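Visitor:
Protein chains: 2
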Amino acid sequence: MQTLQTAAVIGAGVIGNGWIARLLLNGVDVNVFDPSPDAPKHADKVINNAERAYTKLLSVSLPQKGQLSFKSSVAEASANADIIIEAVPERLDMKQSVYREIESSASTEAIIASSTSGILPTELQAELEHPERLMVAHPFNPVYLLPLAEMVGGEKTSAAAIEKASNMLESIGMFPLHIKKEIPAFIADRLLESVWREALWLVNDGVATTEEIDDAIRYGFGLRWAQMGLFETYRLAGGEAGMRHFISQFGPCLEWPWTHLMDVPEFTEELVDKVVNQSDEQSGMHSIRALEQKRDDNLVEILKVLKDNRWGAGNALQSFESKLLEKAEKFNFDDLDLNQLVETFKTTIPQKWADYNGHMNEAHYLECFTKATDKIMTIVGVDAQYIANGDSYFTVETHIRHLDEVLVGEAVKASTQVLFGGGKKLQVFHFLHHEDGRLLATGEHMLIHVNLESRAATVPNDMVCSRIDRIFQAHQTLPSPDGVGRAVGDKH
Amino acid sequence: MQTLQTAAVIGAGVIGNGWIARLLLNGVDVNVFDPSPDAPKHADKVINNAERAYTKLLSVSLPQKGQLSFKSSVAEASANADIIIEAVPERLDMKQSVYREIESSASTEAIIASSTSGILPTELQAELEHPERLMVAHPFNPVYLLPLAEMVGGEKTSAAAIEKASNMLESIGMFPLHIKKEIPAFIADRLLESVWREALWLVNDGVATTEEIDDAIRYGFGLRWAQMGLFETYRLAGGEAGMRHFISQFGPCLEWPWTHLMDVPEFTEELVDKVVNQSDEQSGMHSIRALEQKRDDNLVEILKVLKDNRWGAGNALQSFESKLLEKAEKFNFDDLDLNQLVETFKTTIPQKWADYNGHMNEAHYLECFTKATDKIMTIVGVDAQYIANGDSYFTVETHIRHLDEVLVGEAVKASTQVLFGGGKKLQVFHFLHHEDGRLLATGEHMLIHVNLESRAATVPNDMVCSRIDRIFQAHQTLPSPDGVGRAVGDKH
Numbered sequence: 003m004q005t006l007q008t009a010a011v012i013g014a015g016v017i018g019n020g021w022i023a024r025l026l027l028n029g030v031d032v033n034v035f036d037p038s039p040d041a042p043k044h045a046d047k048v049i050n051n052a053e054r055a056y057t058k059l060l061s062v063s064l065p066q067k068g069q070l071s072f073k074s075s076v077a078e079a080s081a082n083a084d085i086i087i088e089a090v091p092e093r094l095d096m097k098q099s100v101y102r103e104i105e106s107s108a109s110t111e112a113i114i115a116s117s118t119s120g121i122l123p124t125e126l127q128a129e130l131e132h133p134e135r136l137m138v139a140h141p142f143n144p145v146y147l148l149p150l151a152e153m154v155g156g157e158k159t160s161a162a163a164i165e166k167a168s169n170m171l172e173s174i175g176m177f178p179l180h181i182k183k184e185i186p187a188f189i190a191d192r193l194l195e196s197v198w199r200e201a202l203w204l205v206n207d208g209v210a211t212t213e214e215i216d217d218a219i220r221y222g223f224g225l226r227w228a229q230m231g232l233f234e235t236y237r238l239a240g241g242e243a244g245m246r247h248f249i250s251q252f253g254p255c256l257e258w259p260w261t262h263l264m265d266v267p268e269f270t271e272e273l274v275d276k277v278v279n280q281s282d283e284q285s286g287m288h289s290i291r292a293l294e295q296k297r298d299d300n301l302v303e304i305l306k307v308l309k310d311n312r313w314g315a316g317n318a319l320q321s322f323e324s325k326l327l328e329k330a331e332k333f334n335f336d337d338l339d340l341n342q343l344v345e346t347f348k349t350t351i352p353q354k355w356a357d358y359n360g361h362m363n364e365a366h367y368l369e370c371f372t373k374a375t376d377k378i379m380t381i382v383g384v385d386a387q388y389i390a391n392g393d394s395y396f397t398v399e400t401h402i403r404h405l406d407e408v409l410v411g412e413a414v415k416a417s418t419q420v421l422f423g424g425g426k427k428l429q430v431f432h433f434l435h436h437e438d439g440r441l442l443a444t445g446e447h448m449l450i451h452v453n454l455e456s457r458a459a460t461v462p463n464d465m466v467c468s469r470i471d472r473i474f475q476a477h478q479t480l481p482s483p484d485g486v487g488r489a490v491g492d493k494h
Numbered sequence: 003m004q005t006l007q008t009a010a011v012i013g014a015g016v017i018g019n020g021w022i023a024r025l026l027l028n029g030v031d032v033n034v035f036d037p038s039p040d041a042p043k044h045a046d047k048v049i050n051n052a053e054r055a056y057t058k059l060l061s062v063s064l065p066q067k068g069q070l071s072f073k074s075s076v077a078e079a080s081a082n083a084d085i086i087i088e089a090v091p092e093r094l095d096m097k098q099s100v101y102r103e104i105e106s107s108a109s110t111e112a113i114i115a116s117s118t119s120g121i122l123p124t125e126l127q128a129e130l131e132h133p134e135r136l137m138v139a140h141p142f143n144p145v146y147l148l149p150l151a152e153m154v155g156g157e158k159t160s161a162a163a164i165e166k167a168s169n170m171l172e173s174i175g176m177f178p179l180h181i182k183k184e185i186p187a188f189i190a191d192r193l194l195e196s197v198w199r200e201a202l203w204l205v206n207d208g209v210a211t212t213e214e215i216d217d218a219i220r221y222g223f224g225l226r227w228a229q230m231g232l233f234e235t236y237r238l239a240g241g242e243a244g245m246r247h248f249i250s251q252f253g254p255c256l257e258w259p260w261t262h263l264m265d266v267p268e269f270t271e272e273l274v275d276k277v278v279n280q281s282d283e284q285s286g287m288h289s290i291r292a293l294e295q296k297r298d299d300n301l302v303e304i305l306k307v308l309k310d311n312r313w314g315a316g317n318a319l320q321s322f323e324s325k326l327l328e329k330a331e332k333f334n335f336d337d338l339d340l341n342q343l344v345e346t347f348k349t350t351i352p353q354k355w356a357d358y359n360g361h362m363n364e365a366h367y368l369e370c371f372t373k374a375t376d377k378i379m380t381i382v383g384v385d386a387q388y389i390a391n392g393d394s395y396f397t398v399e400t401h402i403r404h405l406d407e408v409l410v411g412e413a414v415k416a417s418t419q420v421l422f423g424g425g426k427k428l429q430v431f432h433f434l435h436h437e438d439g440r441l442l443a444t445g446e447h448m449l450i451h452v453n454l455e456s457r458a459a460t461v462p463n464d465m466v467c468s469r470i471d472r473i474f475q476a477h478q479t480l481p482s483p484d485g486v487g488r489a490v491g492d493k494h
């Protein structure tokens, strides 16, 4: 995999900050230049949003966060960077002057990636000394969550540079889409602009408000586009007869025409006011931050759904997590302090775990304990590889005491005592504590080691036996937990 | 609420069948006319898809399915219908001749709703005797899942008819969006056509393949559109400065221009072949049916995510479920056979409940038992209203025996014995059985009745006490279940 240790980001607006957040949280050091004194404050807000979203999105740990440094010039930020991301306003002259300063300090091997929404890379690279390493890598807001980056080379861009940059972006969870033919605005923004122009006409002509237009999208075709895009959706609309049938049915409509083909609406003050006022009416009751968090919460869960269904952008998330897993620091059993309980799980209670009583639903107590058991499994050596080799532990019995309530947004953590370990059996006792110290629940579980082919109980391998034995022997010196061996309804 | 008992659907293509499925599953009788002898077969396939999707989508029961009848003429199908949905090909003359036949038999009160993608309702209604009840109700494929219907009246359409039709569509879970100004292709298809035209140019000019264009959508802005649409998304892209800032930044680009403003690509044979072949390359490895099911699975989970997050199309699902709940047959305690176990839950194991061992994850055993406990609650009278009034039961202790495995796609059901009920306490014992008869798990649970304000244990109201007592007394004559009173690790 391509090494990506240090990145530079030139320009810390909405897009630049999205890059900064994605890079940092993937363990990349980031050097930033932005002339605004408020830049660090704005960057911080986006990084917080990104951390909040990643906590919910990822089932594996991120590497240690990279180092963020604000530099006083483009040249200073660009020195030592493996990739320099330019995200300054859409003016060719400004971008070219930034590139001149980048080249004054950057390694000739460094990638220069422009976030431009539409300027041709051939124009961008025209005055570079080493133009072969410049390309467009056009991301989408919020950059830390949306996987797409349109990769577009200019006439002088080398295939090797595109590949190198694509590998870098893949390593931070993105989906680089190489667009082979250079064209202004590339793919996505050409499509978006078509829609934007038509939507502005609809507002201009009083056919619909901004909210009605948004509703026409998100209650309808927007739900399809999140997963299939345009052509695959239409393939289905053609029914069994497929794409050719669809074209024969819908194709002729293009000539009616249904859209404002020939015109561009003029941005008169009236039109701007109309759009702005309608947008305020539609969304003004939410702060931008509240909307951003709602958007992120929705994106997170949509991406997870697509991952579970092994489809589209979910595949990018899946491969992001695999890469994180490869990079994750390997657990070292000998570092474990055997003389205390094992820390096995922590989380913040999500909205969807709430029940009609307003607290965490009872089923999710067991979900916490299941994750805690999974952690014990990993610690004793029953990891993905061990399971792939054909053995695992199955839980055969569970006893939960639900002792106290916990509300959405509160933090909990689990710690675990091994009550018995030997032969085919493993008996564990989990404590679930609230961040304020209250004991919320205990879980007592009997697990049996099984061979996944024969489905019969077997003895684990020597390493697993030995690790379990070491924890069990050490934990025998700990006090026996309150509630061990209880049956439902026993008196205290 | 508007009564909708019988509907007619004229034309059973992809859209007509989607209407048929949505109506039937909402308990509406549907009379269909379509000249094709294969129509019943095709309808059946779509109804199956819809049933499959609704099983996963809805947390409440559907009413009893409506009656489907194929009739031999438009007139016969239209008689006695509360609403007549016209979904025949996009030819004005054909639609008008259908309307003539509808008016020959339909009640003058019946709504006539056209599914046209773009023809003006004023043109459609021009020759009707009772034009005030005709409008466009433009739905989106798959009609049984996507909530949007664009409601457009013509010059002669009455406001009362639009309202009546909108109420009917709301009652079957849709989101009717009233478009106040008549314009060809309404809102969504104008936006879609803009994109479609631009996308065809990109394919025509060899800039990108159909797959690359779809990826540019679904790995990027498509994920935003599923939840916010266009304007609200751009409001966020403007950062704290909002919509006005966004327009000042992105507005000028409209004049560059980035799109094929002036031209419509001609559907030459070469272009059609190119699109068809690329689409085959992209999606041809999946059957249309497999793609439909994948699309539906994604839509179902995206809609559920949006419901959990109380946002956009999720609000339509939420209100759909509320309506279903209102319509659901009220449970009658006296119909319950107290001399046997209570049937409390059934489901088919979904993909996302699987663990790395390939079977249902242990936490979901408790999820099944939680649902079974919820059902017992409803039966004894602890329903949403009771809880809203300030009392509920909390589970304080759980004991699960995990006895056998169950795989994704297999059906399970729970039945429940009341072990003890009296005063503040309720002790239940759930059995989870596989459809093949195997006992998969048992769950023993102690519940305490609590006041939600004081959080203190209290005695339930007289009705709840009496119902619990009646079940408890009857269930005492049933054999005591194997495993009652067990603690973890007890010998059998």
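Heads up: the sequence lines are chains A and B, in that order. Quick note: the first sequence uses this note's numbering, first residue 3, plus one each step. Quick note: the second sequence uses this note's numbering, first residue 3, plus one each step. For each residue, glycine too, the CB sits at the ideal point set by N, CA and C. Note that this is a predicted model, so its numbers are computed, not measured.
Strictly below 7 Å CB to CB, what residues from chain B border A:T212?
Guide: The sequence position of residue 212 of chain A within the first sequence is 210, counting from 1. Neighbours of A:T212 on chain B, chain order: F233.
Visitor: Can we say the segment 142 to 162 of chain A touches the segment 215 to 228 of chain B, given the rule of at least three CB pairs closer than 8 Å?
Guide: Taking 8 Å as the limit for Cβ pairs, the verdict is that the segment 215 to 228 of chain B does touch the segment 142 to 162 of chain A.
Visitor: Does DSSP put A:G424 in a helix, a strand or coil?
Guide: Along the first sequence, one-based indexing puts residue 424 of chain A at 422. In the structure shown, A:G424 sits in a strand (DSSP, three-state: E or B).
Visitor: So what does A:F474 bridge to, in DSSP terms?
Guide: Here the question's residue 474 of chain A lines up with position 472 in the first sequence. Bridge partners of A:F474: none, in fact.
Visitor: Identify, in the order they occur along the chain, each residue of the same chain with its Cβ nearer than 7 Å to the Cβ of A:D484, setting aside the five sequence neighbours on each side.
Guide: Looking up residue 484 of chain A in the first sequence gives position 482. Answer for A:D484: no residue qualifies.
Visitor: Between the segment 127 to 147 of chain A and the segment 101 to 115 of chain A, are three or more C-beta pairs nearer than 8 Å?
Guide: Segments in contact, yes.
Visitor: Chain B beta carbons: is any one of them nearer than 9 Å to that of A:R469?
Guide: Locating residue 469 of chain A in the first sequence gives position 467, counting from the first residue. Answer no: the Cβ-Cβ gap between A:R469 and chain B never drops below 9 Å.
Visitor: Three or more beta-carbon pairs under 8 Å between the segment 469 to 485 of chain B and the segment 386 to 393 of chain B, yes or no?
Guide: Touching, no, given that fewer than three Cβ pairs across the two stretches are closer than 8 Å.
Visitor: Which residues of chain A have a Cβ atom closer than 8 Å to the Cβ of B:M448, listed in chain order?
Guide: Your numbering for residue 448 of chain B matches position 446 in the second sequence. Ordered by position in chain A, the residues that pass the 8 Å Cβ test against B:M448 are V490, G491.
Visitor: Measuring straight from C-alpha to C-alpha, what distance separates B:L368 and A:F335?
Guide: The residue you call residue 368 of chain B lines up with position 366 of the second sequence. The residue you call residue 335 of chain A lines up with position 333 of the first sequence. So the two alpha carbons sit approximately 31 Å from each other.
Visitor: In the DSSP output, what is A:K348 paired with across the bridge?
Guide: Mapped onto the first sequence, residue 348 of chain A falls at position 346. DSSP output for A:K348 lists A:K415 as bridge partner(s).
Visitor: CA-CA distance, A:A315 and B:I304?
Guide: Position 313 of the first sequence, counted from the first residue, corresponds to residue 315 of chain A. Position 302 of the second sequence, counted from the first residue, corresponds to residue 304 of chain B. C-alpha separation (whole angstroms): 13 Å.
Visitor: From B:F371, B:Q229, B:T350, B:I290, pick the residue whose C-alpha is nearest to that of B:R312; which is it?
Guide: Start at 1 with the first residue of the second sequence, and residue 312 of chain B comes out as number 310. Of the listed residues, the one whose Cα sits closest to B:R312 is B:Q229.
Visitor: If we ignore side chains and look at the alpha-carbon of each, how far apart do A:L2 and A:S80 end up?
Guide: With chain A running from 3 to 494 in the structure shown, residue 2 of chain A is simply not present.
Visitor: Using only the alpha-carbon positions, how far apart do B:I87 and B:N453 sit?
Guide: Indexing the second sequence from 1 puts residue 87 of chain B at position 85. Indexing the second sequence from 1 puts residue 453 of chain B at position 451. So the alpha carbons of these two residues sit roughly 51 Å apart.
Visitor: Can you name the residues of chain B whose CB is closer than 7 Å to the CB of A:S281?
Guide: Looking up residue 281 of chain A in the first sequence gives position 279. Ordered by position in chain B, the residues that pass the 7 Å Cβ test against A:S281 are F233, R237, M245.
Visitor: Under the DSSP definition of a beta bridge, which residues are partnered with B:P141?
Guide: Locating residue 141 of chain B in the second sequence gives position 139, where the first residue counts as 1. Its beta-bridge partners are B:A151.
Visitor: For chain B, find out if any of its Cβ atoms is closer than 9 Å to the Cβ of A:L409; answer yes or no.
Guide: For the purposes of this step, residue 409 of chain A is taken as residue 407 along the first sequence, with counting starting at 1. Not closer than 9 Å to any Cβ of chain B, the Cβ of A:L409 fails to qualify, so no.
Visitor: Which runs of the beta strand (DSSP E) at least 3 residues long sit entirely within the segment 433 to 459 of chain B? Give them in chain order.
Guide: You should have 441 to 453.
Visitor: How would you call A:A161, buried or exposed, if buried means at least 16 neighbouring beta carbons within 10 angstroms?
Guide: As a position in the first sequence, residue 161 of chain A is number 159, starting the count at 1. So A:A161 counts as exposed.
Visitor: So what does DSSP say about B:Y395, is it helix, strand or coil?
Guide: Reading the second sequence from its first residue, position 393 is the one you call residue 395 of chain B. If DSSP states are grouped into helix, strand and coil, B:Y395 belongs with the strands.
Visitor: Just verifying my parser: in three-state terms, what is the DSSP assignment at A:E303?
Guide: The residue labelled residue 303 of chain A in the question sits at position 301 within the first sequence. In this structure, A:E303 counts as helix in the three-state DSSP scheme.
Visitor: Taking only beta carbons into account, state which residues of the segment 315 to 341 of chain B come closer than 7 Å to chain A, listed in chain order.
Guide: Within the segment 315 to 341 of chain B, the residues whose Cβ lies closer than 7 Å to some Cβ of chain A are A315, A318, listed in chain order.
Visitor: First and last residue of the beta strand (DSSP E) that includes B:F35?
Guide: Against the second sequence, residue 35 of chain B aligns to sequence position 33. Here the beta strand (DSSP E) through B:F35 covers 31 to 35.
Visitor: Between A:Q4 and chain B, is any beta-carbon pair separated by less than 9 Å?
Guide: Looking up residue 4 of chain A in the first sequence gives position 2. Any reading at A:Q4 must be qualified, since the residue scores a pLDDT of 48, below 50, and its modelled position is unreliable; the value itself is stated next. No, A:Q4 lies away from the interface with chain B (no Cβ there is under 9 Å from its Cβ).
Visitor: Can you check whether the CB of A:H451 is closer than 9 Å to the CB of A:K415?
Guide: Reading the first sequence from its first residue, position 413 is the one you call residue 415 of chain A. Reading the first sequence from its first residue, position 449 is the one you call residue 451 of chain A. It is not a contact, given that the beta carbons lie outside the stated cut-off.
Visitor: Residues in the same chain with beta-carbon distance under 7 Å from B:E157, minus the five sequence neighbours each way, listed in chain order, please.
Guide: Counting from one through the second sequence, the residue named residue 157 of chain B turns up at place 155. Only T124 meet the Cβ criterion.
Visitor: What residues of chain B sit near A:D438, judged by a beta carbon separation below 9 Å?
Guide: By one-based count along the first sequence, residue 438 of chain A stands at place 436. Those within 9 Å of A:D438 in chain B number zero; the least Cβ separation is about 16 Å.
Visitor: Alpha carbon to alpha carbon, how far is B:V48 from B:R291?
Guide: In the second sequence, counting from the first residue as 1, residue 48 of chain B sits at position 46. In the second sequence, counting from the first residue as 1, residue 291 of chain B sits at position 289. Cα to Cα, the separation comes out at about 10 Å.
Visitor: For chain B, is any of its Cβ atoms less than 9 Å away from the one on A:R199?
Guide: Translated into positions along the first sequence, residue 199 of chain A becomes position 197. It does; some Cβ of chain B falls within 9 Å.
Visitor: Residues of chain A with a CB under 7 Å from the CB of B:L150: which are they?
Guide: Counting from one through the second sequence, the residue named residue 150 of chain B turns up at place 148. Chain A residues near B:L150: A218, Y221, G222.
Visitor: In three-state DSSP terms, what is B:H288?
Guide: Numbered from its first residue, the second sequence carries residue 288 of chain B at position 286. Note: B:H288 maps to coil in three-state DSSP.
Visitor: Could you check how far apart the C-beta atoms of A:I402 and A:G445 are, in whole angstroms? I think they sit under 8 Å.
Guide: Counting from one through the first sequence, the residue named residue 402 of chain A turns up at place 400. Counting from one through the first sequence, the residue named residue 445 of chain A turns up at place 443. With a Cβ gap of about 5 Å, A:I402 and A:G445 count as contacting.
Visitor: When you compare each of A:S250, A:I389, A:Q280, A:F433 to A:T346 by their alpha carbons, which one comes out closest?
Guide: In the first sequence, residue 346 of chain A corresponds to position 344, counting from 1. Nearest option by C-alpha distance: A:F433.
Visitor: If the cut-off is 8 Å on Cβ atoms, which residues from the segment 278 to 304 of chain B count as contacting chain A, listed in chain order?
Guide: For the segment 278 to 304 of chain B, which is checked against every Cβ of chain A, the residues closer than 8 Å are V278, Q280, S281, D282, Q284, S285, I290, L293, E294, K296, R297, D299, N300, L301, E303, I304.
Visitor: Do A:V382 and A:I470 have their C-beta atoms within less than 9 Å of each other?
Guide: Locating residue 382 of chain A in the first sequence gives position 380, counting from the first residue. Locating residue 470 of chain A in the first sequence gives position 468, counting from the first residue. Against a cut-off of 9 Å, the Cβ pair of A:I470 and A:V382 comes out as a contact.
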